[in-house]
Each structure stands twice: as C-alpha cells, then as structure tokens.
Amino acid sequence: MTMRDAMARLVRDGESVVMEGFTHLIPFAAGHELIRQRRRDLTLIRLTPDLLFDQMIAAGCARKLIFSWAGNPGVGSLHAFRRAVEEGRPRPLELEEYSHFGLALRLQAGASNLPFLPTRNFDGSDLPGVNPRLQQVVCPYTGQKLWAVPALEPDVAILHAQRADEEGTTQAWGLTGVLKEAAFAARRVVVVVEEIVSAEVIRRDPNRTLLPGFRVDAVVEEPFGAHPSYVQGYYDRDNDFYQKWEEISRTEEGLQDYLEAWVYGVPSRQEYAARLQAVRARLRAASAPCEPVNYGY
Amino acid sequence: MVTAAARLLRDAEVVFVGIGVPNVAVNLARRTHCPNLVLIYESGAIGARPARLPISIGDPALVTGALGVCSMPEVFHYYLQRGLIDVGFLGGAQIDRFGNLNSTVIGDYAKPKIRLPGSGGACEIAVLARRVIVVIPHGRRAFPERVDFITSPGFLGGGEERARLGLPGGGPEAVITDLGILRFDPDTKEMILTSLHPGASLDQVRAQTGWELRVASPLGRTEPPSAGELRVLREELAASPSPASG
C-alpha cells in the first residue's frame with residue numbers, strides 16, 4: 001500500500017495514535033504524510049515524542065500528548081512542544097505524563113488485554129499527584145501496596161522496521177523498545193519498512209519476527225522512511241539535522257518554513273530521499289554481519 | 298565531574314547508563330579501573346561496548362558488539378525491578394538537600410515557567426537501583442532547598458521517610474558537581490559536602506547552594522584526573538558529538 005493510502009484509510013481525525021521506535025526506527029515518513037493530510041485532534045502517544053511529534057504539534061495535528069520524556073535526544077529541548085505547553089501556541093496541548101516504565105507498562109497491559117498492570121515504581125515521586133490514572137493497589141497475596149497503570153489501547157499503531165513480507169509479517173533487529181507492545185495494544189497496525197522481502201526470507205529466520213502478518217493492517221515499503229533517525233544495518237542518525245532542529249524550531253516561523261520546504265512541499269518520501277542523496281550516502285550503515293544459525297532439526 | 302563519577306564505580310558492577318556526563322564517566326571507568334563493568338541502557342542494550350559515545354539513548358552503536366538486546370519492558374521488569382542494577386546514574390535540573398531530583402517542570406506543574414523533558418527512566422532508576430550517583434552542575438537555581446517537583450525520589454523529607462515508604466533501591470549515594478562531591482548523612486539523610494575539586498573553594502560551593510550546607514570535617518580534596526584518565530578522555534572519548542541530556 002502507498003503511504004498516502006495507508007494514512008488516509010487507517011488514521012482518522014480525533015483518534016489516538018501510537019508511533020513508536022525508541023530514538024531508533026522512528027516513523028518520520030508516516031508522520032510527514034499525516035501532516036500533509038492535515039490530520040487534526042489526534043492524541044499522540046510516544047515514550048519520547050522526539051522531533052517527529054515536535055513537527056506534528058507545530059503542524060496542528062495534536063490535541064493531546066501521552067509521553068514520558070519530551071526532549072531532543074542528545075541535543076536539548078523540543079521547542080514546539082514547549083511553546084504549546086508554556087504558551088498554548090499554536091494551540092494548547094493536553095498532557096498525560098508517565099515515566100518510561102509506566103508508559104511501557106500501559107502498552108503491555110493493553111497488549112495483554114488486562115485492565116491494568118502493577119509496578120514497584122512511583123513511591124515518593126510527584127508523578128501520581130499530577131496523573132490520577134496512577135493508582136495504588138493492594139496485592140491480594142502479600143498485602144503489599146503497589147502502583148498500577150491502566151491499559152492503553154490506541155486506535156492505531158504506526159511502526160517502522162527493517163523488513164516485512166507482503167502479508168505484513170515484520171522483522172526488526174537492534175533496539176526494539178516497545179514496538180511489540182504498541183502493535184499488540186492497538187486496534188489497527190501500520191508497519192513501514194525499509195524493504196519488502198519474500199515470505200521465504202522471513203520463514204528462514206523466524207526468531208527475528210516482531211509481528212505476524214495477521215496482526216498488521218497495512219504494510220508500506222518506504223526506504224529511508226525513518227530519516228533523520230537511525231535504522232540498524234541501514235543508516236545512521238542524521239545527527240547534524242537533530243542539532244540543526246534546535247535552530248529551526250526555536251521560532252514558529254522557522255519551524256513553519258521547514259514544514260513548507262520539507263513536508264508540504266514534498267509529495268512523497270521518494271522525493272524527500274531524492275533531495276537528500278548525498279546525506280543518504282554519508283549515513284549508510286557499516287557492515288557488521290553475524291554468523292548464520294542453523295534452524296535445522 | 299567525569300573522573301570523580303567514574304571513580305565511584307567498582308569493577309564488575311552492573312550499571313544503568315543515561316546519555317551525557319554519566320555516559321562519558323561509565324565509558325571512562327570501563328577503559329580504566331573497571332574493565333568488567335556491565336553497561337545496561339534503558340533502550341534495551343545489555344553489556345554494551347559502544348565504539349563511539351552514543352549520540353542518543355537508542356543509538357545502534359550500543360547494539361553492535363553488545364552481550365544482548367532486549368525489549369524495554371524486559372529491561373524494566375527483569376533487570377531494574379528484579380534488583381539486578383547495582384548503580385544508576387541520574388541528572389536533573391534541580392536537586393534538594395535530601396537528594397530529590399526534578400526533571401519535570403520549573404514552577405507550577407499546571408502552568409510551568411519552564412517545561413523540562415520529564416522523567417524518562419529516571420523515576421524508576423531512583424526508586425529501584427541499589428545505589429544512585431547524581432551528576433549535576435552546581436548552581437543556586439539547581440540547588441534549591443526544595444525542588445519544584447519530585448520526579449525522582451531521593452530521601453524525600455529525610456531521616457527514615459524513604460525506608461518507611463519501602464522503596465526497594467538504596468537511594469542516592471553521592472552527588473558529583475563541577476565544584477565537589479557531596480554525600481548523605483547516614484541518619485538525617487541530609488547532603489554533606491565531603492570533597493572539593495581542584496580550584497574550587499568552600500565559599501564558592503556555599504554561594505551556589507540554596508540552603509545552609511553542611512560540610513564534612515575534615516573536608517577532602519578531589520584528586521585531579523590522572524595522566525591515564527586524561528589520555529582516555531582525550532584520545533578515546535573526546536572525538537564524539539557533544540553529549541547533552543537525553
């Protein structure tokens with residue numbers, strides 16, 4: 001499916017959308033398409049909102065943010081996020097805030113079809129005081145007091161991965177963060193991959209599978225679709241761009257100029273990648289293969 | 298700050314690492330007195346040996362050559378909550394006299410003057426790691442008597458409060474700043490200046506601390522970085538992108 005079709009068919013205004021990948025495998029191509037399609041009133045969910053949600057907030061896509069760490073990773077602040085929270089511009093942003101463990105646990109509860117999951121975290125922190133969804137529970141076996149988080153079941157999960165087959169069976173390697181939890185928690189799942197491979201390639205290496213195709217509603221082949229973030233084995237992070245974002249996003253005007261030039265002004269990720277050929281060549285991953293394993297019996 | 302933090306690590310410990318100064322400190326320790334240190338990153342890298350200083354917490358360089366990779370729920374459940382993490386490193390915008398850390402907001406939560414990034418994995422590290430080392434530059438605004446928001450609990454109101462609440466981890470062991478090293482009174486849990494870095498004065502530390510700071514007697518002097526430490530820092534760790542928070 002094309003990215004345009006996938007976003008048009010599977011993401012509607014007002015829905016909750018988890019877009020995962022923990023600073024690695026961030027689905028930027030999908031986010032740019034949602035901005036171009038002027039999706040509105042979304043509840044955006046990510047452990048680390050990153051540049052992706054900074055752009056979507058600035059573009060006016062978001063009504064609410066569910067998150068656990070909102071910075072420019074390794075660089076500094078997210079300025080569009082801060083403007084929305086500190087000044088209500090371009091519109092106020094409702095926040096629902098956790099720690100990484102707390103939000104990962106919410107997705108895990110959703111993926112497991114449980115109403116909540118308990119944790120030994122949060123005692124002594126002020127987070128429960130500002131988030132009434134964090135509640136204390138008593139263990140029925142030991143009487144211990146634990147904190148609980150409720151299940152999170154987003155309408156849509158959008159994930160980036162290295163490869164999938166035509167049916168959507170998806171393989172990812174390197175850091176997978178909460179990709180699996182997000183996919184099983186959501187009602188609909190869109191997977192964006194660097195390449196579509198044959199089912200035989202997948203079946204020869206089943207341990208690497210993140211999701212079976214029957215869990216996936218749409219698979220989109222979009223090489224370089226996670227730029228400027230990294231994809232293990234494919235390309236490195238465009239760290240120059242992450243550092244430049246500090247300057248681009250510091251003013252609303254600078255940020256809108258960026259969106260005009262690189263999101264609204266670009267019809268597709270193919271065109272975006274074509275404009276960045278030199279960058280793409282510079283970021284190509286070094287080779288570090290592993291020994292094949294024997295799946296015979 | 299970096300060498301003082303690195304020296305608090307003991308060989309073969311299991312360390313939970315973040316990006317920034319802790320990352321440099323831990324990678325320095327691994328290349329000097331702690332060759333068997335096990336580096337765990339919240340992104341899921343277990344036993345990482347990054348060839349470059351990671352540019353973010355999810356850098357694929359953490360995976361290349363690691364002992365293992367797991368999902369984030371696994372890291373938090375099976376390593377951190379299971380009690381397998383000896384040392385966690387934390388930073389923040391503010392720390393108070395009982396070692397509570399704020400990385401959430403300056404001002405009121407509902408109408409913040411400055412919205413900071415938030416907890417990330419800091420809250421669970423503060424609650425669950427056996428011991429915590431805090432790295433934070435000294436400054437009056439960074440060292441208020443009370444933090445605006447407790448993102449990551451230290452000793453809360455001091456004394457036995459943390460123990461009474463039953464937090465599994467031991468709480469902060471030391472605070473490393475650009476001026477000195479501070480530890481915590483075993484009974485009152487109040488921060489005490491125990492060592493001054495070369496070139497720093499007691500007056501300077503007092504001026505940059507927002508409460509009447511207790512000072513150890515005798516007050517120690519931090520050993521300057523050795524030639525070996527400097528060589529590793531300059532030749533092996535310096536070429537990487539500048540590490541900020543994240």
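The listed protein sequences derive, respectively, from chains A and B.
Here the first sequence is numbered in the working numbering, starting from 1 and rising by one per residue.
Here the second sequence is numbered in the working numbering, starting from 298 and rising by one per residue.
Built from N, CA and C at the ideal position, the CB exists for glycine as well.
1) From the beta carbon of V366/B, is the nearest beta carbon of chain A less than 8 Å away?
2) Just verifying my parser: in three-state terms, what is the DSSP assignment at Y338/B?
3) Apply the 10 Å Cβ neighbour rule to F214/A and answer buried if 16 or more other Cβ atoms are within range, or exposed otherwise.
4) How would you call K408/B, buried or exposed, if buried means at least 16 neighbouring beta carbons within 10 angstroms?
5) If we cut at 8 Å on Cβ distances, does T485/B have a partner in chain A?
6) Is the Cβ of H100/A closer than 8 Å to any Cβ of chain B?
7) Mind pulling the beta strand (DSSP E) runs of 3 or more residues that sit fully within the segment 320 to 399 of chain B?
8) For a test of the three-state rule: what should DSSP assign to N72/A, helix, strand or coil?
9) By the criterion of Cβ-Cβ separation under 9 Å, what are the contact partners of M369/B in chain A?
10) Quick check on the burial criterion: 16 or more other C-beta atoms within 10 angstroms. Buried or exposed for N324/B?
11) What would DSSP say about M298/B, mapped onto helix, strand or coil?
12) Using the rule of at least 16 other Cβ atoms within 10 Å of the residue's Cβ for burial, across every protein chain shown, is A185/A buried or exposed?
13) Which residue marks the beginning of the beta strand (DSSP E) containing E291/A, and which one marks its end?
14) I'd like to know if D123/A contacts chain B, where contact means its C-beta is closer than 8 Å to some C-beta of that chain.
15) Taking only three categories from DSSP, how would you classify R269/A?
16) Counting only Cβ pairs nearer than 7 Å, list the residues of chain A close to I352/B.
17) Tell me which residue opens and which closes the beta strand (DSSP E) that Q136/A is part of.
18) For R480/B, which three-state DSSP category applies?
19) When the distance is taken between beta carbons, is A199/A closer than 8 Å to Q165/A?
20) Might you give, ordered along the chain, the residues of its own chain that have their beta carbon closer than 7 Å to the beta carbon of T48/A, omitting 5 neighbours on each side?
21) Going by the CB atoms, is the gap between A390/B and I382/B shorter than 8 Å?
22) Enumerate in chain order the residues of its own chain whose CB-to-CB distance from S539/B is below 8 Å, with the five nearest sequence positions on each side excluded.
23) For F446/B, I'd like the list of residues in its chain whose CB is within less than 7 Å of its CB, leaving aside the five on either flank, ordered along the chain.
24) Let me know the secondary structure DSSP gives W147/A once reduced to three states.
25) Can you tell me the Cα-Cα spacing of R327/B and P92/A, whole angstroms?
26) Is DSSP giving P206/A helix, strand or coil here?
27) Does V193/A come out as helix, strand or coil in the three-state DSSP assignment?
28) Throw me the rounded Cβ distance for the F386/B and V432/B pair, which I believe falls under 8 Å.
29) Hey, does S542/B have any beta-carbon neighbour from chain A nearer than 8 Å?
30) Please report how far the alpha carbon of A309/B lies from the alpha carbon of A286/A, in whole angstroms.
31) In the DSSP output, what is H24/A paired with across the bridge?
32) Taking CB distances under 8 Å as the criterion, tell me whether Y230/A reaches chain B.
33) May I ask which residues mark the beginning and end of the beta strand (DSSP E) holding F116/A?
34) Which word fits G415/B, buried or exposed, when buried means at least 16 other C-beta atoms lie within 10 angstroms of its C-beta?
35) Note down, in chain order, all residues in the segment 118 to 151 of chain A with a beta-carbon under 9 Å from any beta-carbon belonging to chain B.
36) Closer than 6 Å by C-beta to Y272/A: which residues in its own chain qualify, once you throw out the five before and the five after it? Chain order, please.
Once the coordinates are examined:
1) yes
2) strand
3) exposed
4) exposed
5) no
6) yes
7) For the segment 320 to 399 of chain B, whole beta strand (DSSP E) runs of length 3 or above, ordered along the chain, are 335 to 338 and 384 to 387.
8) In the three-state DSSP reduction, N72/A falls in the strand class (E or B).
9) F22, L47, H100, F101, A104, L175, T176, G177, V178 and E181
10) buried
11) Residue state, collapsed to three classes: coil.
12) Buried, since its Cβ has 16 or more Cβ neighbours within 10 Å.
13) That residue, E291/A, is in no beta strand (DSSP E); it is neither H nor E in DSSP.
14) yes
15) helix
16) G74, R237 and N239
17) Counted as a single uninterrupted DSSP element, the beta strand (DSSP E) harbouring Q136/A occupies residues Q135 to V138.
18) strand
19) In the sequence as presented, Gln is not what sits at residue 165/A; that position holds Asp. Yes; because the gap between Cβ atoms is below 8 Å, this pair is in contact.
20) F22, T23, W69 and P73
21) no
22) The pLDDT assigned to S539/B is 38, lower than 50, so where the model puts this residue is not dependable, and the model offers no usable value.
23) N399, T401, V402 and Y406
24) strand
25) Spanning the two alpha carbons is a distance of roughly 46 Å.
26) helix
27) Judged by DSSP in its simplified three-state form, V193/A adopts strand.
28) Yes, they are in contact, since the Cβ atoms of F386/B and V432/B sit about 6 Å apart, within 8 Å.
29) Here S542/B scores only 35 on pLDDT, less than 50, and its place in the model should not be relied on; the value that follows carries that caveat. It does: the Cβ of S542/B has a partner Cβ on chain A nearer than 8 Å.
30) 30 Å
31) Y230/A
32) yes
33) F116 to T119
34) buried
35) T119, R120, N121, F122, D123, G124, S125, D126, L127, G129, V130, Q144 and K145
36) V266
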